[in-house]
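Residue numbers (the numbering used here), protein chains in the order written: chain D, 42 to 405; chain C, 6 to 143.
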């Protein structure tokens, strides 16, 4: 078959691609493999052509391959995911894969194209980063405990009674240690979530009770700014099966943000309702709001909107990032509406019943 | 008679903080800085409770707990694990090895820790006084 120039160019582009590319027939038998396939899998093209990708596969659970085939063969859609494969020398590697069905003009399946990008090194770096964050955070907890406890003892007159101004200074030391502890806990939570080690613990969750608990815990902050905080949740609100400890983290984050970003004397409302098969919780304030140009970044790690960094130097920019990750793992959604100078409402939903489908999402 | 508490904590600042607080609350305190010494002290003396760190040199807190619960002489001494590890797995492991309570040091005030300790001591004394002299093997 004589090829024209544009066909020659295309073939060379595929042949020289850094990522591995295989083309198979409808049964998955390989008819073409580019040079990178040899580099990544360790098999020669002679071994690969006429064989199937199972040659360097079979490391994942059966359901993984079932879902993959169902997507590309039955639904005739692209499959994108991460896979663990095995090289000829026996070493395992992680790849990001895209599998695409090849269809002719009338939609008949002709074969498949599979591409692999070797992300083993990337994954290893991410894991090392998570381990480092975890190790540093744990190490920092020890001196933080010491600062907290010694100042607590001074405030408790263990070393004799103190003057008012001494008490004031020690209180600042104590409060700073508490703030440091909150930050360290945030870093640890983020690292656990990102490393995929988060295993939710499911139980019947009383949302009304949980909201009240958080409001009670945040009472000192609420009172110090003379904020009016009310909760409007009915006693008979259905109790979702969810992870109470982590919903506590999300509610604490949203309500403490509402307090932080409200002026003195402002008001905060928390309400919850049942919607189809979910519970939706809303935290509303009449505070500074989020500037329009910052709204699309508000859930980003370490992001803090322009208008609040002036009023409030406290704040790691991790709270909403963490909340979003937690809600995603619990099978829900989180969103907000905000008008600068008028106020903000943050809402999140959790399913009444955690379904297996959500579990698949979590492991992705 | 004052309660005697064994503190096993490798960080000297924290160990000293425990000592100050416990003594000011009227308890007697012995301090060790590693797991091996903790087991040695338990063999030498009778303690009313143990405050046990996990990450320690020469036998960690998990190893100490395991040894304690296998030795008739001190398998019923109450233990509060006070660690800065806080993962679900760590807590479950400690509780399944026989700890009475588990606190994350940086999340708990000394006052709260004392409240937990006093509750555990009260329960232990009640249990001890319910045993008749004949039943009391010690």
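Built from N, CA and C at the ideal position, the CB exists for glycine as well. In this text the structure is predicted, and so the values were computed from the model without any measurement.
What is the C-beta distance between residue 195 of chain D and residue 251 of chain D, in whole angstroms, given that I count them as a contact (C-beta under 8 Å)? Their Cβ separation, rounded to whole angstroms, is 34 Å, which puts residue 195 of chain D and residue 251 of chain D out of contact at 8 Å.
Checklist line | Euclidean distance between Cα positions of residue 260 of chain D and residue 301 of chain D | finding: So the two alpha carbons sit approximately 13 Å from each other.
inquiry  = Given this structure, state the Cα-to-Cα distance separating residue 172 of chain D from residue 68 of chain C, to the nearest angstrom.
reply    = Roughly 24 Å separates the two Cα atoms.
| message | For a cutoff of 7 Å on Cβ pairs, would you count residue 403 of chain D as touching chain C? | response | Because residue 403 of chain D sits at a pLDDT of 37, beneath the cut-off of 50, its placement in the model cannot be relied upon, and the point is left open.
For residue 231 of chain D and residue 362 of chain D, believed in contact at Cβ under 8 Å, the rounded distance | Your pair residue 362 of chain D and residue 231 of chain D checks out as a contact, with CB atoms roughly 7 Å apart and the cut at 8 Å.
*Cutoff 7 Å: residue 22 of chain C Cβ touching any chain D Cβ*: By this cut-off, residue 22 of chain C is an interface position.
| task | Flag residue 89 of chain C as yes if its beta-carbon sits less than 7 Å from any beta-carbon of chain D, otherwise no. | result | Residue 89 of chain C counts as touching chain D.
DSSP state of residue 240 of chain D mapped onto helix, strand, coil
Correct three-state label for residue 240 of chain D: coil.
(message) Can you list, in chain order, the residues of its chain with a C-beta nearer than 6 Å to that of residue 360 of chain D? Leave out the 5 residues immediately preceding and following it.
(response) If the five residues before and after residue 360 of chain D are omitted, its C-beta is found closer than 6 Å to the C-beta atoms of 294, all from its own chain and listed in chain order.
Check whether residue 130 of chain D and residue 98 of chain D have beta carbons under 7 Å apart: The Cβ atoms of residue 130 of chain D and residue 98 of chain D lie no closer than 7 Å to each other.
Of all the CB atoms in chain D, is at least one closer than 7 Å to the CB of residue 115 of chain C?
For residue 115 of chain C, the answer is yes, since a Cβ of chain D falls inside 7 Å of its Cβ.
Check whether chain D comes within 7 Å of residue 30 of chain C, counting only Cβ atoms and requiring the distance to be less than that.
Using beta-carbon distances, residue 30 of chain C does not count as an interface residue toward chain D, since no partner is under 7 Å.
Does the beta-carbon of residue 394 of chain D have 16 or more other beta-carbons within 10 angstroms, so that it is buried, or is it exposed? Result: exposed.
ask   = How long is the line joining the alpha carbons of residue 6 of chain C and residue 53 of chain C, rounded to whole angstroms?
value = Approximately 11 Å, taken between the alpha carbons.
Please confirm if the region 54-74 of chain C is in contact with the region 92-107 of chain C, defined as three or more CB-CB distances below 8 Å between the two stretches. Yes, the region 54-74 of chain C is in contact with the region 92-107 of chain C.
Item to check | Under 7 Å by beta carbon: chain D residues contacting residue 120 of chain C | outcome: Ordered by position in chain D, no residue passes the 7 Å Cβ test against residue 120 of chain C, which lies about 13 Å from the chain.
Consult DSSP for residue 47 of chain D and reduce its assignment to one of helix, strand or coil. Reduced to three states, the DSSP call for residue 47 of chain D is helix.
Legend entry - Partners in chain C for residue 182 of chain D, counting only beta-carbon separations shorter than 8 Å: Neighbours of residue 182 of chain D in chain C, taken as residues whose beta carbon is under 8 Å from its own, are 89, 109, 110 and 111 in chain order.
Buried or exposed by the 16-neighbour rule on C-beta atoms within 10 Å, applied to residue 192 of chain D:
Flag for residue 192 of chain D reads buried.
* Would you say residue 150 of chain D and residue 67 of chain D are within 7 Å of each other, going by their C-beta atoms? -> Result yes, Cβ atoms of residue 150 of chain D and residue 67 of chain D sit closer than 7 Å.
Would the region 376-393 of chain D count as touching the region 326-341 of chain D if we require 3 or more Cβ pairs under 8 Å?
With a cut-off of 8 Å, the region 326-341 of chain D and the region 376-393 of chain D count as touching, because enough Cβ pairs lie within range.
_Check this for me: beta carbons of residue 114 of chain C and residue 89 of chain C, under 7 Å apart or not?_
Against a cut-off of 7 Å, the Cβ pair of residue 89 of chain C and residue 114 of chain C comes out as no contact.
What's the C-alpha gap between residue 77 of chain C and residue 129 of chain C? Answer to the nearest angstrom: the Cα atoms are 16 Å apart.
task: Taking residue 282 of chain D and residue 245 of chain D to be in contact with their CB atoms under 8 Å, please state how far apart those CB atoms are, rounded to whole angstroms.
output: With a Cβ gap of about 6 Å, residue 282 of chain D and residue 245 of chain D count as contacting.
Who are residue 323 of chain D's beta bridge partners in DSSP? When beta bridges are read from the DSSP output, residue 323 of chain D appears opposite D:312 and D:388.
| message | For a test of the three-state rule: what should DSSP assign to residue 137 of chain D, helix, strand or coil? | response | It is a strand residue.
Can you say whether residue 156 of chain D is buried or exposed, counting buried as having 16 or more other CB atoms within 10 angstroms of its CB? Classification of residue 156 of chain D: buried, given that the 10 Å Cβ count is 16 or more.
Quick one, which of C:44, C:17 and C:49 has its alpha-carbon nearest residue 66 of chain C's?
Here the closest residue by C-alpha is C:44.
With distances taken between CB atoms, is the gap from residue 22 of chain C to residue 36 of chain C smaller than 7 Å?
Not in contact: residue 22 of chain C and residue 36 of chain C (Cβ atoms no closer than 7 Å).
Self-check item: Any C-beta of chain C under 7 Å from that of residue 457 of chain D
Solution: With chain D covering 42 to 405 only, the question about residue 457 of chain D has no answer from this structure.
Excluding sequence positions up to five away, which residues of its chain have a Cβ less than 7 Å from the Cβ of residue 208 of chain D? Excluding residues within five positions, the ones whose Cβ falls inside 7 Å are 196.
> Is the shortest distance between the beta-carbon of residue 215 of chain D and the beta-carbons of chain C less than 7 Å?
Replying inline: Contact with chain C is absent for residue 215 of chain D, since none of that chain's Cβ atoms lies less than 7 Å from the residue's Cβ.
Can you have a look at residue 48 of chain C and say buried or exposed, based on whether 16 or more other CB atoms are within 10 angstroms of its CB? With fewer than 16 Cβ atoms within 10 Å of its Cβ, residue 48 of chain C is classed as exposed.
query: Per DSSP, which one or two residues make a beta bridge with residue 14 of chain D?
result: Outside the modelled stretch of chain D, which goes from 42 to 405, sits residue 14 of chain D, for which no answer is possible.
Take residue 221 of chain D and list the residues in its own chain whose beta-carbon comes closer than 7 Å to its own, dropping the five residues that flank it on each side.
The beta carbon of residue 221 of chain D sits closer than 7 Å to the beta carbons of 185 from its chain, once the five residues preceding and following it are set aside; these are given in chain order.
Are residue 414 of chain D and residue 234 of chain D close, meaning C-beta to C-beta below 7 Å?
Because chain D in this structure spans residues 42 to 405, residue 414 of chain D falls outside the shown range and cannot be described.
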